[in-house]
Amino acid sequence: MEAKEYSPLALAYLGDAVYELLTREYVLERYGGKMGEVHKKSVSLVNARQQALAVELIEEYLTSEEREIFRRGRNAKGNYPRNVEVVIYRQSTGLEAVFGFLYLKGDIVRIKELFGLIVKLLENQGEAR
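Each position in the sequence shown, counted from 1, maps to that position plus 122 in our numbering.
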């Protein structure tokens with residue numbers, strides 16, 4: 123099955139794992155073996171609010187195809203946790219869908235490029251430190 127044929131929620135499900143792995147890699151490189159700090163930082167970066175902020179920061183850098191996947195993920199109907207506003211959760215789902223889509227396409231270079239951009243822009247805002 124081609125990447126575009128997956129449901130937006132399936133793409134987000136896979137993209138969540140991809141994003142989590144990239145985040146863990148990033149914080150391990152940055153914070154070393156201080157596992158308490160590594161875990162705390164990972165959790166702070168992999169949450170719906172941070173991902174929604176990341177979308178705002180990188181939206182202009184997305185290709186038209188990535189924007190379409192983001193839109194499909196954002197608009198997908200699903201169950202949302204009560205501790206997060208629906209708009210924020212949908213934004214994060216859209217971002218995860220983009221990462222899942224790129225993973226299924228095998229575009230690891232673009233995945234790393236987008237994640238690097240997210241981290242850089244969050245750091246500039248004081249969010250990824």
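The beta-carbon is built from N, C-alpha and C at its ideal position, and this holds for glycine as well.
Fair warning: this is a prediction, and the values are worked out from it, not measured in the lab.
### Query
Grouping DSSP H, G and I as helix and E and B as strand, with all else coil, what is residue 200?
Of the three classes helix, strand and coil, the one that applies to residue 200 here is coil, per DSSP.
### Query
How close, in whole Å, do the beta carbons of residue 179 and residue 145 come, if the pair is a contact with beta carbons under 8 Å?
Rounded, the Cβ-Cβ distance is 15 Å, inconsistent with contact.
### Query
Just the Cα atoms here: how many angstroms apart are residue 187 and residue 158?
38 Å
### Message
At the level of alpha carbons, what is the spacing between residue 162 and residue 125?
### Response
32 Å
#### Entry: 4-residue-minimum alpha helix (DSSP H) runs that sit fully inside the stretch 156 to 236, ordered along the chain
157 to 167, 170 to 180, 186 to 197 and 208 to 227
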